[in-house]
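Residue numbers (this note's numbering): 248 to 467.
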């Protein structure tokens with residue numbers, strides 16, 4: 248009896264990784280099957296079995312409640328590409344930082360204060376680029392989870408990306424940092440394509456249905 252109680256307690260702890268609604272409807276049945284199929288004398292959840300249950304629970308928590316339309320799936324994939332390109336841009340900035348500083352140092356009248364400003368700006372861009380990679384991935388996940396707020400967060404992100412590009416052009420980045428500018432242009436184009444996809448009619452329908460209260464959805 249003690250062995251069964253200990254094993255059941257262990258299974259309950261592992262099953263906690265599944266959504267509460269799923270456990271409420273199916274938890275007792277699944278627990279009964281797990282305990283009944285356990286080995287004789289088993290007192291703990293085996294490692295392989297534990298890993299399989301946790302993997303199933305995480306998959307159930309992360310998957311969208313309904314399958315997104317093709318344009319939304321394309322936008323999510325494109326945002327993952329954007330994260331990869333953003334990471335490549337950060338690497339490019341790190342690799343070309345020395346050449347950018349050298350080009351600026353040759354400018355007549357370039358002061359020590361300006362040198363520190365440029366160094367600080369490059370460091371800031373590298374750090375913000377790393378944050379942008381995480382933001383691309385997080386928003387891609389949120390889009391797939393039907394979080395409408397993610398679309399408007401991405402809109403602000405796109406506006407910031409556009410502003411950054413305009414500032415870079417105004418500061419003659421094409422002359423001093425052409426590689427950085429090319430990487431930034433690629434990121435901006437990916438963000439623009441994503442913006443178009445997430446605000447098409449099928450995307451609007453998909454996210455608006457998620458935002459409707461259950462009674463309104465039932466009433467049609």
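No residue lacks a Cβ here, since even glycine has one placed at the ideal position from N, Cα and C.
Alpha carbons only, please: which of the options is nearest the one belonging to residue i?
i: residue 321; options: 452, 345, 445 and 456; result: 445
i: residue 334; options: 398, 373 and 425; result: 373
i: residue 291; options: 413, 252 and 393; result: 252
i: residue 289; options: 257, 272 and 346; result: 257
If you drop the 5 nearest sequence neighbours on each side, which residues of the same chain put their C-beta closer than 7 Å to that of residue i?
i: residue 377; result: 337
i: residue 270; result: 262
i: residue 308; result: 266
Out of curiosity, what's the CA-to-CA distance linking residue i and residue j?
i: residue 464; j: residue 455; result: In this prediction, residue 464 scores a pLDDT of 39, lower than 50, which makes its location untrustworthy; the coordinate-derived value is nonetheless stated afterwards. About 10 Å.
i: residue 391; j: residue 287; result: 43 Å
i: residue 216; j: residue 343; result: Residue 216 is absent from the structure shown; the chain starts at 248 and stops at 467.
i: residue 371; j: residue 379; result: 12 Å
i: residue 453; j: residue 381; result: 25 Å
i: residue 306; j: residue 294; result: 18 Å
i: residue 438; j: residue 409; result: 9 Å
i: residue 432; j: residue 415; result: 10 Å
i: residue 417; j: residue 407; result: 15 Å
i: residue 285; j: residue 451; result: 48 Å
i: residue 324; j: residue 436; result: 14 Å
i: residue 275; j: residue 393; result: 30 Å
i: residue 460; j: residue 443; result: Note that residue 460 has pLDDT 42, beneath the 50 cutoff, so the model's placement of it is unreliable and the number below is only indicative. So the two alpha carbons sit approximately 27 Å from each other.
i: residue 297; j: residue 304; result: 11 Å
i: residue 259; j: residue 388; result: 28 Å
i: residue 280; j: residue 375; result: 50 Å
i: residue 272; j: residue 299; result: 20 Å
Is it true that the CB of residue j sits closer than 7 Å to the CB of residue i?
i: residue 427; j: residue 326; result: no
i: residue 383; j: residue 440; result: no
i: residue 318; j: residue 425; result: no
i: residue 434; j: residue 332; result: yes
Just to check, is the beta-carbon of residue i closer than 6 Å to a non-hydrogen atom of the ligand NAP?
i: residue 388; result: Here there are no bound small molecules, and the ligand NAP is not part of this structure.
By Cβ distance, which residues of its chain are closer than 8 Å to residue i, with the 5 residues on each side in sequence left out?
i: residue 301; result: 261 and 264
i: residue 255; result: 278 and 282
i: residue 386; result: 326, 397, 400, 401 and 404
i: residue 462; result: For residue 462, the predicted structure reports a pLDDT of 37, less than 50, and the residue's modelled location is therefore unreliable. The matter cannot be settled from this model.
Apart from the five residues on each side of it in sequence, which residues of its chain come closer than 6 Å, Cβ to Cβ, to residue i?
i: residue 430; result: 336 and 339
i: residue 447; result: 318
i: residue 412; result: 431 and 435
Output yes if chain B places a C-beta closer than 7 Å to the C-beta of residue i; else output no.
i: residue 441; result: In summary, chain B is missing from the structure at hand, where a single protein chain is found.
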